[in-house]
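Chemist:
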Amino acid sequence: MSKPHWRPARASDIAAIDAIAARIHPGLFERPDVLAEKIRLCPDGCHVLAAEEAIVGYGLAHPWRQYQIPPLDGFLIRLPDDADCLYVHDVAVLPGARGGVARAYIATIEQLARASGIAALALVSVYATQPLWERLGFRAVTADAELRVKLASYGDGATYMLRDLAAT
Ligand SMILES: CC(C)(COP(=O)(O)OP(=O)(O)OC[C@H]1O[C@@H](n2cnc3c(N)ncnc32)[C@H](O)[C@@H]1OP(=O)(O)O)[C@@H](O)C(=O)NCCC(=O)NCCS
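Using this note's numbering, you'd call the opening residue of the sequence shown number 6 and step up by one each time.
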């Protein structure tokens, strides 16, 4: 059996993405239309992990502003003209397909950022994944009061992290 591979996400993948999100993030619900909007606005940043018969993971990223967090389950409406980071909204992979795949997805996103003249990647780490993201070059950023309020909707322990591409 061939290994699952990342490929660009399509609108027709939304049902599969939604099913994985419901399984992996039961406490962080987002409407399928909200996820579909990200694919529409930034198709190059949104990928699915395709196994032979099924989709087993996804990664969603789009240009954004550093130190700003799009609201969970909220529409982006439009991407900023002055984007200074690629914001990794979520990476979720079914347990059986894990191992090296987040690293591969982030490498794709890094290439996209560099090709777009964007010098940073950003994300919100949840479920104590901070050490994993540190391994991939992200650093936790001290949140000011405004950022802390936005982080709260992502649950306890949510941490805003940045990776400076100029430094690597
Ligand atoms: C997050 C997730 C996508 C990672 O997928 P994965 O394929 O297991 O990740 P990788 O193997 O590519 O891990 C990246 C690096 O972090 C390391 N790592 C993994 N778990 C770690 C941990 N708990 N602590 C420290 N490092 C860790 C890996 O060893 C790897 O480093 P290496 O390539 O130098 O060996 C997967 O665990 C998942 O879907 N989790 C549930 C959803 C979730 O938490 N998403 C993130 C929301 S912020």
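The beta-carbon is built from N, C-alpha and C at its ideal position, and this holds for glycine as well.
Just to confirm, are Leu99 and Leu170 a CB contact at a threshold of 8 Å?
Modeler: In the sequence shown, the residue the question calls residue 99 occupies position 94. In the sequence shown, the residue the question calls residue 170 occupies position 165. It is not a contact, given that the beta carbons lie outside the stated cut-off.
Chemist: According to DSSP, what are the bridge partners of Asp95?
Modeler: Along the sequence shown, read from residue 1 onward, the residue named residue 95 stands at position 90. Leu65.
Chemist: Straight-line CA distance for His30 to Ala14?
Modeler: Position 25 of the sequence shown, counted from the first residue, corresponds to residue 30. Position 9 of the sequence shown, counted from the first residue, corresponds to residue 14. Approximately 19 Å, taken between the alpha carbons.
Chemist: Straight-line CA distance for Leu54 to Asp18?
Modeler: Residue 54 sits at position 49 when you count from the first residue of the sequence shown. Residue 18 sits at position 13 when you count from the first residue of the sequence shown. The straight-line gap from Cα to Cα measures roughly 11 Å.
Chemist: Does the beta-carbon distance from Leu84 to His67 come in below 8 Å?
Modeler: Your numbering for residue 84 matches position 79 in the sequence shown. Your numbering for residue 67 matches position 62 in the sequence shown. For Leu84 and His67, yes; Cβs fall inside 8 Å.
Chemist: Does ligand 1 have a heavy atom nearer than 7 Å to the CB of Tyr92?
Modeler: Sequence index remark: in the sequence shown, residue 92 carries index 87 (1-based). Tyr92: no, Cβ never under 7 Å from ligand 1.
Chemist: Quick one: what's Asp169 bridged to in DSSP?
Modeler: As a first step, residue 169 must be located in the sequence shown, where it is residue number 164. Bridge partners of Asp169: Ala125.
Chemist: In the DSSP assignment, the beta strand (DSSP E) including Ala55 goes from what residue to what residue?
Modeler: The residue you call residue 55 lines up with position 50 of the sequence shown. Element bounds for Ala55: His52 to Ala55.
Chemist: Should the region 102–115 be regarded as contacting the region 69–79, the criterion being three or more beta carbon pairs within less than 8 Å?
Modeler: Result no; under three Cβ-Cβ pairs closer than 8 Å.
Chemist: Kindly identify the DSSP beta-bridge partner or partners of Arg144.
Modeler: Your numbering for residue 144 matches position 139 in the sequence shown. Paired residues: Leu167.
Chemist: Taking 8 Å as the threshold (C-beta atoms), are Leu91 and Lys43 in contact?
Modeler: On the sequence shown, position 38 is the one that residue 43 refers to. On the sequence shown, position 86 is the one that residue 91 refers to. Not a contact, by the Cβ cut-off of 8 Å.
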